[in-house]
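Colleague:
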Amino acid sequence: MFRNYFKTAYRSLKKNKATSLINVLGLSIGISAALIIFLIIQHENSFGKWESNKENIFRVYTQWSKDGTNPGISTVAPKEIANKVTGLDAVAHFIRNAMDDATIEIPKTQSKPRKVFNSIKGVVFADADYFNIFDTKWIGGNSQSLNKLNNVVLSASDARLFFPDISFPNIIGQQLIFNDSIKTIVSGVVADNNYTTDFKNKIFISLKTATETSLINSLVGNPLWTNVSDASQCFVRLHNGSSSENVAKQIKNIFESNIKKEGSEDFVNYGRLQPLSNVHFNTLLNGDGAKKNLRNIALLAGVLILLAGINFVNLTTAQASLRAKEVGVRKTFGSDKKQIIMQFLSETFLLMILSTILALLLYPILFRLFKDFIPEGMPITTIFQPLAAIYLLVLIVVLTLLAGIYPSLVLSRYRPIQALRGVVKGNGKSDKIWLRQSLIVFQFIIAQVFLIIVFVVGKQIHYVLNKDMGFKKDAIVSFYTPDWSDRSKYKKINVLANEIKRISGIKDVSIASGTPAFNGWNSTRLTYSDKGVEKEFKNVHVRTIDNNYLDVFGLKMLAGSNVKIDTSAKIPDVLINETLMKQIGFASAKDAVGNYLRGGNADSSKIVGVVKDFSTMSLMSAVQPTILFANDFGYANTLAFSFSTNNPEDWNKTIKKVETAFNKLYVGKTFDYNFYDKTIESLYQSQIRLSTLLKWATGLSIFISCMGLIGLVMFMANQRTKEIGIRKVLGASIPQILRLLSNNLIGLIVLASVVAFPIAWFFSHSWLQDFSYKTTLSWWIFPVCAVGMLLIALAILWSWSLKAAKANPAKVLRTE
Amino acid sequence: MIEIKNLNKIYRTDEIETTALNDISVEVKDGEFVAIMGPSGCGKSTLLNIVGLLDNPDSGSFLFNGQEIAHFNERQRSDLRKHNIGFVFQSFNLIDELTVYENVELPLIYTGVKSDERKIRVEAALDKMQIMHRRNHYPQQLSGGQQQRVAVARAVVNKPKLILADEPTGNLDSKNGGEVMEMLTSLNEQGTTIVMVTHSEHDAQFSHRIIRMLDGQTVMENILI
Chain H
15 MFRNYFKTAY RSLKKNKATS LINVLGLSIG ISAALIIFLI IQHENSFGKW ESNKENIFRV
75 YTQWSKDGTN PGISTVAPKE IANKVTGLDA VAHFIRNAMD DATIEIPKTQ SKPRKVFNSI
135 KGVVFADADY FNIFDTKWIG GNSQSLNKLN NVVLSASDAR LFFPDISFPN IIGQQLIFND
195 SIKTIVSGVV ADNNYTTDFK NKIFISLKTA TETSLINSLV GNPLWTNVSD ASQCFVRLHN
255 GSSSENVAKQ IKNIFESNIK KEGSEDFVNY GRLQPLSNVH FNTLLNGDGA KKNLRNIALL
315 AGVLILLAGI NFVNLTTAQA SLRAKEVGVR KTFGSDKKQI IMQFLSETFL LMILSTILAL
375 LLYPILFRLF KDFIPEGMPI TTIFQPLAAI YLLVLIVVLT LLAGIYPSLV LSRYRPIQAL
435 RGVVKGNGKS DKIWLRQSLI VFQFIIAQVF LIIVFVVGKQ IHYVLNKDMG FKKDAIVSFY
495 TPDWSDRSKY KKINVLANEI KRISGIKDVS IASGTPAFNG WNSTRLTYSD KGVEKEFKNV
555 HVRTIDNNYL DVFGLKMLAG SNVKIDTSAK IPDVLINETL MKQIGFASAK DAVGNYLRGG
615 NADSSKIVGV VKDFSTMSLM SAVQPTILFA NDFGYANTLA FSFSTNNPED WNKTIKKVET
675 AFNKLYVGKT FDYNFYDKTI ESLYQSQIRL STLLKWATGL SIFISCMGLI GLVMFMANQR
735 TKEIGIRKVL GASIPQILRL LSNNLIGLIV LASVVAFPIA WFFSHSWLQD FSYKTTLSWW
795 IFPVCAVGML LIALAILWSW SLKAAKANPA KVLRTE
Chain C
6 MIEIKNLNKI YRTDEIETTA LNDISVEVKD GEFVAIMGPS GCGKSTLLNI VGLLDNPDSG
66 SFLFNGQEIA HFNERQRSDL RKHNIGFVFQ SFNLIDELTV YENVELPLIY TGVKSDERKI
126 RVEAALDKMQ IMHRRNHYPQ QLSGGQQQRV AVARAVVNKP KLILADEPTG NLDSKNGGEV
186 MEMLTSLNEQ GTTIVMVTHS EHDAQFSHRI IRMLDGQTVM ENILI
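For the protein sequence lines, the chains are H and C, in the order given. Residue numbers 15 to 830, in the numbering used here, belong to the letters of the first sequence in order. Residue numbers 6 to 230, in the numbering used here, belong to the letters of the second sequence in order.
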């Protein structure tokens, strides 16, 4: 029986090549997208699933206000938690991102020369309990070695890299020097972990190496209960059966009593527990896997499949009348309804299988299209896993049922006599046509909504990239210097700045803690004493600058003068922006000058000038109150310079010279520079990504909808061959025939546009609410998009109807 | 075999009501060959469809092998039909996507005959209709006469007790038409009951009895010997 079903199905698909192609093409795009989203979701869900006892593992993070959290924890907390909290089996503490770009040296021995490895990633400072929480296979040594100062444990791949000709047992005891300053001895080698994890740690320096020296201060700041860095990570494993609420309560108590001891009672700050399974997804705590992104692509995949499914239902029901005779014959010779349904479902199933095969061929292409949304560390080969095959099979069955059931029911309901006579419902004009029309309208609503949103998103991105943010962003280059451990007043960055100043083609050079706006957050608390009343200002944005900063970035002074760099001054100069000036309550810029503020890096600082407002963040946020401290060379590691010419070719030559100067000073470090306008662009990375994804979504949905339109036009033209012939004999012109064939569909597309307008307006409007500065949602976008869509549809309708309209009526009528 | 008494069938559209069968009574005995004749629209095809269990009457009685079936549902009719009745149509009604062999095989699949048995029976039917050499061709590759032979093979492959033929020679030239009539006669001689609707007096002469219809009623019966 099934052989017979599939045989007929195969031949029928072959016979209706155009329709089959339209269906297969549309469905394959949808299935391919659905496959990729499945693989992404599966990848994202695989985080935090590999550790044994995973349900007992929690991260301790910091809650520092009602909504404010930090994934890190004070560096003094873990030890106290380990000592005082009951119900815990292990408390691991590690400092991540300590050396993103480490230089590792193997010192010269009697037999071997000195070797240096640059840009080594995955270096952390960790204690022995790290390996009690994150499962590890030991090749040599043991975790206890991390309890000693200056020990280091290597992953097998790095051990091989550093010591290619020494066996693993003999690597233990070898010396490694990190960043010219930290001397360590290899005390263990562990197998690389090949599972998905948020912590790509590969080289483990014993934590004591940092905590028992002053190193910890330059890594994550002073060891205070109120000082939190996201680099300082603490994980605990609960004893089997102990309650997480109880542990959380104990941890909170420890924080409260210690913060009190430190005398910062007003500071709300305590540790909370986050389950390991949640670490990857919670974006507020810096998890990588943003569930919202996943939902967006899942939605897109769903929409594409839906559109392709609509094509299938539309074309199959439109052509149902052509299959009527077959149904009639089958029923006459004994087939019942169920068998007819099964037969057409088999046909749908076969079509889905073909679409899936094509989807697999399209997979590498779509994988590239979605690359911005594909998580780092998810290879294209993820597809080779049994679960993917099972998923596709389930998808095929579900799609077969969803798309196939309605057309099958329509066909199976045909009564044999009518079917054999060719008088069946669904033949041309009938009551079923409203459904087809509604589905077309629905498809074009989706396409139209996408088109308008793409337009609005594009307009907004253009707007924010071109809006004046209060500073210059063209022809400026900035980069970070690797001065992480150098706190001396005359560190290398200063030497480099002087070198750069001498290079021809450079206009100004500035050393600062950051560019005016960057992808991050740097804020402080300030107090101002207003006639004896202390006023406090939280979250004031901070930059430390030198006296060239205003020139390089074109910031404008409203009153007062630029900061003076005086390293011996006890009270540093500061500039404030207009917003802060107004918040403090100065009547004018002139009034502000000469007053004193407390907070930030200095006990007291003097306002020497007021600058015009500028954005310290993307234009999603309003201008923030901002203070600019005169650089005391302690916190600045951003170097920015502007060019003296407008010729990009000269710029490249100048940058080469800067790079040479950089390399001379920072041997083995990477010169990673950015044009400032590109840095600004990167503030809108997620919006630009969304825009790219939407463009593809729009393109594909218009493509799939238009394919459906082509199928219907072809079918209609065939159905009405005789009518067209007679009309032509009676004198109808080709344009009149075209109008006859397309009028109805044009009406549907216009209707779809009208319905799409409020929906598109709603989504565009709510998306724009994320921005403090937004483009206008101009009325003309709507008709322009509608006309665009109509033109596309008309081009398709007319080009496919033309053949029918041009046919020789004599020939057509003779065939009839 | 067939006993129809006071049968009525009315077709209704929004505005028009057409009486297709008007209180008609017909009887067909086992092994008979009956021809139904009459002008277009007289109700002969409607009668054939009801006899063939493709349609239900509005009122009246229909006994098939002594069983009242006038109010059978679709499933019951389908079941009775596939085991007892074979059809031959004027326009052949072969499925374009299936080969000659597969078209003939179709009724056997629906009655659940095993594959080995099917092969024997299909080949026998094709042999009998002298169309075996075309078994792997598709309908559109055959002449009208050949197509109707395939249709007859399909009608007989399930060894039905009754064959209903709706103008079986209507689309054929006289030579091919003659051949089809001879096949039907031969089947009848082997015991199959045949009811045939026709416009052709010539074809009607092959039957035992001619029922003449007008406006949904029988107006005359001719018994031929």
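Built from N, CA and C at the ideal position, the CB exists for glycine as well. Just so you know, these numbers come straight off a predicted model, no measurement behind them.
Using the rule of at least 16 other Cβ atoms within 10 Å of the residue's Cβ for burial, across every protein chain shown, is Ser179 (chain C) buried or exposed?
Modeller: So Ser179 (chain C) ends up on the exposed side.
Colleague: Taking just the CA atoms, how far does Tyr563 (chain H) sit from Asn576 (chain H)?
Modeller: Using only the alpha carbons, I get a separation of about 9 Å.
Colleague: Is it buried or exposed for Asp841 (chain H), if we count other Cβ within 10 angstroms and need 16 for buried?
Modeller: Any question about residue 841 (chain H) goes unanswered here, given that chain H covers just 15 to 830.
Colleague: Would DSSP call Lys515 (chain H) helix, strand or coil?
Modeller: Reduced to three states, the DSSP call for Lys515 (chain H) is helix.
Colleague: Inspect the beta-carbon positions of Asn18 (chain H) and Asn254 (chain H) and report whether they are closer than 9 Å.
Modeller: Contact flag unset, no.
Colleague: From the beta carbon of Thr116 (chain C), is the nearest beta carbon of chain H less than 9 Å away?
Modeller: Yes, Thr116 (chain C) lies at the interface with chain H (some Cβ there is under 9 Å from its Cβ).
Colleague: Contact between the stretch 767 to 779 of chain H and the stretch 461 to 472 of chain H: three or more CB pairs below 8 Å?
Modeller: Yes: at least three Cβ pairs fall under 8 Å.
Colleague: At least one CB of chain C closer than 9 Å to the CB of Ile431 (chain H): is that the case?
Modeller: Closer than 9 Å: yes.
Colleague: Any Cβ of chain C within less than 9 Å of the Cβ of Glu340 (chain H)?
Modeller: Yes, its Cβ sits closer than 9 Å to a Cβ of chain C.
Colleague: Can the beta-carbon of Thr197 (chain C) be found closer than 9 Å to that of Gly348 (chain H)?
Modeller: No, these two residues do not count as a Cβ contact at 9 Å.
Colleague: Alpha carbon to alpha carbon, what distance is there between Gln451 (chain H) and Ala809 (chain H)?
Modeller: Approximately 19 Å between the Cα atoms of the pair.
Colleague: When the distance is taken between beta carbons, is Ile186 (chain H) closer than 9 Å to Ser201 (chain H)?
Modeller: Against a cut-off of 9 Å, the Cβ pair of Ile186 (chain H) and Ser201 (chain H) comes out as a contact.
Colleague: For the stretch 73 to 88 of chain C, enumerate the residues whose C-beta is nearer than 9 Å to any C-beta of chain H, in chain order.
Modeller: The stretch 73 to 88 of chain C vs chain H, Cβ under 9 Å: Glu79, Arg80, Ser83, Asp84, Arg86, Lys87 and His88.
Colleague: Against chain H, does Asp4 (chain C) count as a neighbour if the rule is that its beta carbon must be under 9 Å from one of theirs?
Modeller: Since the displayed chain C opens at 6 and closes at 230, residue 4 (chain C) lies outside it and no answer follows.
Colleague: Using 9 Å as the threshold, is the C-beta distance between Ser705 (chain H) and Leu755 (chain H) below it?
Modeller: No, the pair does not count as a contact, with Cβ atoms beyond the cut-off.
Colleague: Kindly list the residues whose CB is nearer than 8 Å to the CB of Ile50 (chain H), restricted to its own chain and excluding five residues on each side of it in sequence; keep chain order.
Modeller: Contacts found: Ile311, Ala315, Tyr377, Leu380, Phe381, Phe384 and Ile388.
Colleague: Roughly how many angstroms separate the alpha carbons of Lys443 (chain H) and Met366 (chain H), rounded to a whole number?
Modeller: In this predicted model, Lys443 (chain H) has a pLDDT of only 45, less than 50, meaning its place in the structure is not dependable; the value taken from the coordinates is given anyway. Cα-Cα distance, rounded: 29 Å.
Colleague: Quick one: measure Cβ to Cβ for Gly285 (chain H) and Tyr75 (chain H), integer angstroms, because I've assumed they're closer than 8 Å.
Modeller: Sure, about 7 Å apart at Cβ, within 8 Å.
Colleague: At a CB distance below 9 Å, what residues from the stretch 195 to 224 of chain H approach chain C? Give them in sequence order.
Modeller: Those would be none; no residue qualifies.
Colleague: Starting from the C-beta of Tyr477 (chain H), find all residues in its chain whose C-beta is less than 6 Å away, skip the five residues before and the five after it, and write them out in chain order.
Modeller: Same-chain partners within the cutoff: Thr789.
Colleague: Starting from Pro400 (chain H), trace the alpha helix (DSSP H) in both directions and tell me its first and last residue.
Modeller: Element bounds for Pro400 (chain H): Pro400 to Ser426.
Colleague: So which residues on chain C does Met356 (chain H) lean against when the C-beta distance must stay under 7 Å?
Modeller: Simply none; closest approach about 12 Å.
Colleague: Does the stretch 687 to 698 of chain H come close enough to the stretch 722 to 730 of chain H to have 3 or more Cβ pairs within less than 8 Å?
Modeller: Short answer: they don't touch.
Colleague: In the structure shown, what three-state DSSP assignment does Tyr680 (chain H) receive?
Modeller: Coil, per DSSP.
Colleague: Are Ser813 (chain H) and Ile454 (chain H) touching if we call contact CB-CB under 9 Å?
Modeller: Their beta carbons are not under 9 Å apart, which means Ser813 (chain H) does not touch Ile454 (chain H) by this criterion.
Colleague: Return helix, strand or coil for Asn441 (chain H), following the three-state DSSP convention.
Modeller: Per-residue confidence for Asn441 (chain H) stands at a pLDDT of 43, beneath the threshold of 50, marking its modelled position as unreliable; the derived number appears in the next sentence. Correct three-state label for Asn441 (chain H): coil.
Colleague: Between which two residues does the alpha helix (DSSP H) holding Cys248 (chain H) run?
Modeller: Careful: Cys248 (chain H) lies outside any alpha helix (DSSP H), inside the beta strand (DSSP E) at Ser246 to Leu252.
Colleague: In the DSSP assignment, find the beta strand (DSSP E) that holds Tyr542 (chain H) and state where it starts and stops.
Modeller: Unbroken beta strand (DSSP E) run through Tyr542 (chain H): Ser537 to Asp544.
Colleague: So does the stretch 119 to 138 of chain C actually touch the stretch 29 to 49 of chain H, counting three or more Cβ pairs closer than 8 Å?
Modeller: No, the stretch 119 to 138 of chain C is not in contact with the stretch 29 to 49 of chain H.
Colleague: To the nearest angstrom, report how far apart Ile447 (chain H) and Leu329 (chain H) are at their CA atoms.
Modeller: Those two C-alpha atoms are separated by around 12 Å.
Colleague: Where does Gln158 (chain H) land, buried or exposed, given buried means 16+ other C-beta within 10 angstroms?
Modeller: It is exposed - the Cβ of Gln158 (chain H) has fewer than 16 other Cβ atoms within 10 Å.
Colleague: With three or more beta-carbon pairs closer than 8 Å as the criterion, would you say the stretch 744 to 752 of chain H touches the stretch 352 to 371 of chain H?
Modeller: With a cut-off of 8 Å, the stretch 352 to 371 of chain H and the stretch 744 to 752 of chain H do not count as touching, because too few Cβ pairs lie within range.
Colleague: Tell me, to the nearest whole angstrom, how far the beta carbon of Ser632 (chain H) is from that of Leu697 (chain H); I am working on the premise that it is less than 8 Å.
Modeller: Going by Cβ atoms, the distance from Ser632 (chain H) to Leu697 (chain H) rounds to 4 Å, so yes, they are a contact pair.
Colleague: With distance defined between alpha-carbon atoms, name the residue in H:Thr240, H:Ser246 and H:Ser60 nearest to Asn208 (chain H).
Modeller: Selected option, being the one with the closest Cα: H:Ser60.
Colleague: By the 8 Å beta-carbon criterion, what residues does the stretch 319 to 350 of chain H contribute toward chain C?
Modeller: Under the 8 Å Cβ criterion, the stretch 319 to 350 of chain H contributes Lys339, Glu340, Gly342, Val343, Arg344, Lys345, Thr346, Phe347, Gly348, Ser349 and Asp350.
Colleague: Where does the unbroken alpha helix (DSSP H) through Gly342 (chain H) begin, and where does it stop?
Modeller: Looking at the DSSP string, the run of the alpha helix (DSSP H) that includes Gly342 (chain H) is Ala334 to Thr346.
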